[in-house]
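Asks:
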Amino acid sequence: MSKEYLKKATLTSTSDAADVRDTVQGMLDAIRVGRDTTAMEFAAKFDRYEGNVIVTPAEIEAACAEVPDRLKDDIRFAHDNVRRFAEAQKGTLHDMELEVVPGLVAGQKAIPVSAAGCYVPGGRYSHVASAIMTVTTAKVAGCRHVVAASPPRPDQGIAPAVAYAAHLAGADTILAIGGVQAVASMAFGLFGLPRASILVGPGNQFVAEAKRILFGEVGIDMFAGPTDSLILADANADPDIVAADLVGQAEHGYNSPVWLVTDDRALAIRVMAIVPDLIADLPEINRGNAEAAWRDYGEVILCQDREEMAASADECA
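Everything in the sequence shown is counted per the numbering used here, starting at 198 for the first residue and increasing by one.
1) Mapping the DSSP letters down to three states, classify arginine 341 as helix, strand or coil.
2) Is leucine 499 helix, strand or coil by DSSP?
3) What runs of the beta strand (DSSP E), each 3 residues or longer, lie entirely inside the segment 328-389?
4) Identify every residue that forms a DSSP beta bridge with tryptophan 491.
5) Return the CA-CA distance between valine 458 and histidine 364, expressed in angstroms with no decimal places.
6) What is the DSSP secondary structure of alanine 432, counted as helix, strand or coil?
7) If you draw a straight line from the C-alpha of phenylalanine 420 to the C-alpha of valine 337, how long is it?
8) Where leucine 295 and alanine 303 are concerned, what is the direct C-alpha to C-alpha distance, given to the nearest angstrom?
9) Quick test of your reading: serine 394 and serine 509, contact by CB under 8 Å. State the CB separation rounded to the nearest angstrom.
10) Less than 7 Å between C-beta atoms, sequence neighbours within five positions excluded: which residues of the same chain meet that for isoleucine 410?
11) Looking at the secondary structure, which residues open and close the alpha helix (DSSP H) in which threonine 563 lies?
12) Between the Cα of alanine 335 and those of Val325, Pro351 and Cys315, spot the shortest distance and give me the residue it belongs to.
13) To the nearest angstrom, how far is it from the Cα of alanine 379 to the Cα of alanine 432?
14) Between the C-alpha atoms of glycine 248 and alanine 241, what's the straight-line distance to the nearest angstrom?
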């Protein structure tokens, strides 16, 4: 028996890549010419927001006041851990020089970039951790100007917890703008800001594509594809937990691939029966993503043994 697809994806993560690329390129070209005005037009269109792009000190103070004390404690705890680790990590980077031959000196020096642009997702979910991990490390590194940009809620501004986290982490400027227009604002130095030397932080496929296109003109941390998950499970696995893990990943985006690789047919069939019920119980926005991801990108692969399971996992990776 060779591996059998009990459920096979009908699309691949690259199926709509060309459309995304064309859309993002067009937006970047337009913003490069129209600058602040065009970026704000895209913000009004996609974020449904027409307020201040640069969050004022008064707005930051008001947003921070909305954050519950318990959540503030949690954010401070996470920030302290990230800061201490970043400081320890920086301590391992040492300048050095070596006179290779008489009169010829080679060496290395760790020099922080002058300006960092940190993207903090805030559409369906407020990614407080992203603000902590990007802004904190940039400040510890010694960047002179650190910008945090996060999508605003329609007619409300960015999520209070994100504003609090970015402010606590030391962001010099906080922008209430998301998507391609946020990436362009930081990369092109819009709204009176210095041009970012590097762009960091996660985002959807449009944010990721904007970073990919701009790489070379500005540094980036990495090019991230759609979030995905693969579960290796045998007969000892709990099908409810396996199904919950698959759905928990699928709800991140309509094109988030998920795989179950198993050598137990009964487990696979049970998981396939549970997944639709779990998706049906999700809130509306999450449900739409999970339904599309499972329908178009979900796979269940039945293997004959663990060796074939491992090989199948490698193929998916």
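Using N, Cα and C, we set each Cβ at its ideal position, and we do this for glycine too.
Replies: Straight from the coordinates:
1) Counting from one through the sequence shown, the residue named residue 341 turns up at place 144. Coil, per DSSP.
2) In the sequence shown, residue 499 corresponds to position 302, counting from 1. The answer is strand: DSSP assigns leucine 499 an E or B state.
3) 342-347 and 370-373
4) Sequence index remark: in the sequence shown, residue 491 carries index 294 (1-based). According to DSSP, which records beta bridges pairwise, tryptophan 491 is partnered with nothing at all.
5) As a first step, residue 458 is located in the sequence shown; it is residue number 261 there, counting from the start. As a first step, residue 364 is located in the sequence shown; it is residue number 167 there, counting from the start. Rounded to the nearest angstrom, the two C-alpha atoms are 43 Å apart.
6) Position 235 of the sequence shown, counting from 1, holds the residue named residue 432. Residue state, collapsed to three classes: coil.
7) Here residue 420 is taken as the residue at index 223 of the sequence shown, counted from 1. Here residue 337 is taken as the residue at index 140 of the sequence shown, counted from 1. Their Cα atoms are separated by approximately 23 Å.
8) Indexing the sequence shown from 1 puts residue 295 at position 98. Indexing the sequence shown from 1 puts residue 303 at position 106. Each residue's Cα considered, the two are about 5 Å apart.
9) For the purposes of this step, residue 394 is identified with residue 197 of the sequence shown, where counting begins at 1. For the purposes of this step, residue 509 is identified with residue 312 of the sequence shown, where counting begins at 1. About 42 Å; that fails the 8 Å criterion.
10) Position 213 of the sequence shown, counting from 1, holds the residue named residue 410. So the qualifying residues of the chain are Val221, Gln222 and Leu225.
11) Beyond the ends of the chain as shown, which are 198 and 514, falls residue 563; an answer cannot be given.
12) By 1-based counting over the sequence shown, the position of residue 335 is 138. That would be Cys315, whose Cα lies nearest to the Cα of alanine 335.
13) Looking up residue 379 in the sequence shown gives position 182. Looking up residue 432 in the sequence shown gives position 235. About 47 Å.
14) Taking the first residue of the sequence shown as position 1, residue 248 is located at position 51. Taking the first residue of the sequence shown as position 1, residue 241 is located at position 44. Approximately 9 Å between the Cα atoms of the pair.
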